[in-house]
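Here's the structure, in structure tokens; my notes come after.
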Amino acid sequence: MLPLHDDPLDYIRQTKATVDRKKHSLEAVITYYPLSMVFQLFGAKVAAFLYNRFFRQTTVCFSNVVGPVDENGFYGHPLTFLAPFIYGQPNGLAVHFQSYFNKMTIALSVDEEIVPDSQELCDDLEESLKLIKDAAIARAQIENNSTK
């Protein structure tokens, strides 16, 4: 359960602190090296089984990828939409955020038994991002006015 905050930016601060703590932990090293050793000793099938079992124990997976700010093309055709996605993960919920050409794309991969109404979840995420954006703009305007 998430605590309710009056300022939407408090969620960002709390999440940033959690992400920074995880980045500086040994979790990635402790996960990577044993799986790498299993792969070298026992082969790809055993390593894939363990990797899949590890992700089966994960309920939510988040991905955020910073995209280009300039419009890109492919063989002379402009890309108008870019959405990241992974297929086949055993998670109940995977959330992908992708920024491209000043647009944010949210892609959800859900297990319908865990998240019965994925469209409502996506709408709630969109509304939350709008509230955070509005709060950030308001905070920047207050700081600009106070420095004058």
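The opening position of the sequence shown corresponds to residue 155 in this note's numbering, with each subsequent residue numbered one higher.
Every residue, glycine too, gets a C-beta built ideally from N, C-alpha and C.
Looking only at C-alpha atoms, which of the options sits nearest to residue i?
i	options	result
Lys284	Thr169, Arg175 and Met258	Met258
Tyr241	Leu158, Asn206 and Glu181	Asn206
Helix, strand or coil: which one does DSSP assign to residue i?
i	result
Ala202	helix
Pro188	helix
Val223	coil
Gln252	strand
Leu262	strand
Leu163	helix
Rounded to a whole number of angstroms, what is the C-alpha to C-alpha distance between residue i and residue j?
i	j	result
Val249	Ile260	7 Å
Ile291	Pro162	12 Å
His123	Ala198	For the chain, the structure presents residues 155 to 302; residue 123 sits outside this window and is missing.
Cys276	Leu195	42 Å
Glu280	Ile286	10 Å
Ala171	Arg293	20 Å
Ser179	Ser282	29 Å
Excluding the 5 residues flanking residue i on each side, which residues of the same chain have their C-beta closer than 8 Å to its C-beta?
i	result
Ala237	His250, Gln252, Thr259 and Ala261
Can you list, in chain order, the residues of its chain whose CB lies under 7 Å from that of residue i, leaving out five sequence neighbours each side?
i	result
Ala289	Asp161, Pro162 and Leu163
Met201	Residue 201 is actually Ala in this sequence, not Met. The answer, listed in chain order, is Leu189, Val192 and Phe193.
Compute every distance between the C-beta of residue i and the non-hydrogen atoms of the ligand GDP, then say whether any falls below 7 Å.
i	result
Ala202	As for the ligand GDP, it is missing from this structure, which has no ligand bound.
Item to check | Segments assigned beta strand (DSSP E), at least 3 residues, entirely inside the segment 268 to 293 | outcome: List check, beta strand (DSSP E) in window: nothing returned.
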